[in-house]
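Structure first, commentary second.
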Amino acid sequence: GIQVEQSPPDLILQEGANSTLRCNFSDSVNNLQWFHQNPWGQLINLFYIPSGTKQNGRLSATTVATERYSLLYISSSQTTDSGVYFCAVELGANNLFFGTGTRLTVIP
Amino acid sequence: KAGVTQTPRYLIKTRGQQVTLSCSPISGHRSVSWYQQTPGQGLQFLFEYFSETQRNKGNFPGRFSGRQFSNSRSEMNVSTLELGDSALYLCASSVDSTNEKLFFGSGTQLSVL
């Protein structure tokens, strides 16, 4: 079956620093989404990005579908960015296969 | 616009009991999917409903079932609870069933004792 690997598994940043999270997937996919799960368990959809680049404020994402990877950039990190970041690929109708996540801790 | 609403937020049950969880999608969303999150297995897809029909099912035993009503609200049921069913159960909705952003609820934390 498909494999979705995220790196790094854990990341600790000083407030204001930038970071890049990576998601590698083993097969061609039609859909890739990035999520942030906050410390209270809420999953927030950050990007729906099957290919190309998108930006939303301090966050941006790039997916290179032909090379089977996606990157999430966080600039000028804030303590509220802490949590777990997941990428997920779509196997079927709203059947998302999630990666294992990157746990980000931003310290003041 | 109200988000995805899941009830209850927390639930404690004992082995052998059954449980029903509820999910109200965002208004206008017709697809509802369910996920289980555990520390060991991560986030796993349970099933997806669209217009009251189950379109997709994950690799879970038959003890896990669900349904969707005409107003798009959905319930999932777990019968004969086992300790390993302790998890955060998340519901997500989208406008349609393919290639759409998913919006998740806050989840129901189920503890089986």
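Protein sequences appear in the order of chains A and B. Heads up: the first sequence begins at 1457 in the working numbering, then just goes up one per residue. Heads up: the second sequence begins at 27 in the working numbering, then just goes up one per residue. Glycine included, C-beta positions come from ideal geometry on N, C-alpha and C.
How is the beta strand (DSSP E) around lysine 39 of chain B delimited, first residue to last?
36–39
Report the neighbours of threonine 1556 of chain A on chain B: residues whose CB is nearer than 7 Å to its CB, in chain order.
Gly68
Helix, strand or coil for glutamate 74 of chain B, going by three-state DSSP, please let me know.
strand
Sort B/Asp122, B/Asn85, B/Leu116, B/Phe129 by Cα distance to proline 34 of chain B and report the nearest one.
B/Leu116
Is leucine 109 of chain B helix, strand or coil by DSSP?
helix
Return the residues of the stretch 1506–1527 of chain A that lie within a Cβ-Cβ distance of less than 9 Å from chain B, sorted by chain order.
Pro1506
7 Å CB neighbourhood of glutamate 108 of chain B in its chain, flanking five on each side removed
Arg41, Val138
For histidine 1492 of chain A, collect the residues of the same chain with a Cβ closer than 6 Å to its Cβ; drop the 5 residues on either side in sequence, then sort them by chain order.
Ile1500, Leu1502, Gly1539, Tyr1541
Between glycine 127 of chain B and threonine 134 of chain B, what straight-line distance do the alpha-carbon atoms span, to the nearest angstrom?
Residue identity check: residue 127 of chain B is lysine in the sequence provided, not glycine. About 21 Å.
Counting Cβ pairs closer than 8 Å, one from the stretch 1465–1472 of chain A and one from the stretch 1502–1514 of chain A, do we hit at least three?
no
Three-state class that DSSP yields for threonine 1522 of chain A in the structure shown:
helix
The stretch 42–54 of chain B / the stretch 95–105 of chain B touching (three or more Cβ pairs under 8 Å):
yes
Mind listing which residues of the stretch 1467–1486 of chain A have their C-beta closer than 8 Å to chain B's C-betas, in chain order?
Asn1486
Neighbour-count burial assignment, glutamine 21 of chain B, 16 or more Cβ in a 10 Å radius:
It is not possible to answer for residue 21 of chain B, since the shown part of chain B is limited to 27 through 139.
What are the residues in the stretch 98–119 of chain B lying within 8 Å of chain A by C-beta distance?
Leu114, Leu116, Ala118
Where leucine 1499 of chain A meets chain B, residues with beta-carbon distance less than 7 Å:
Leu116, Phe130
For tryptophan 1490 of chain A, does the count of other Cβ atoms within 10 angstroms reach 16, so buried, or fall short, so exposed?
buried
Should tryptophan 1496 of chain A be labelled buried (16 or more other beta-carbon atoms within 10 Å of its own) or exposed?
exposed
Does the separation of the CB atoms of isoleucine 1505 of chain A and threonine 1518 of chain A fall below 9 Å?
yes
Does aspartate 1483 of chain A come out as helix, strand or coil in the three-state DSSP assignment?
coil
Quick one: what's isoleucine 1563 of chain A bridged to in DSSP?
A/Gln1470
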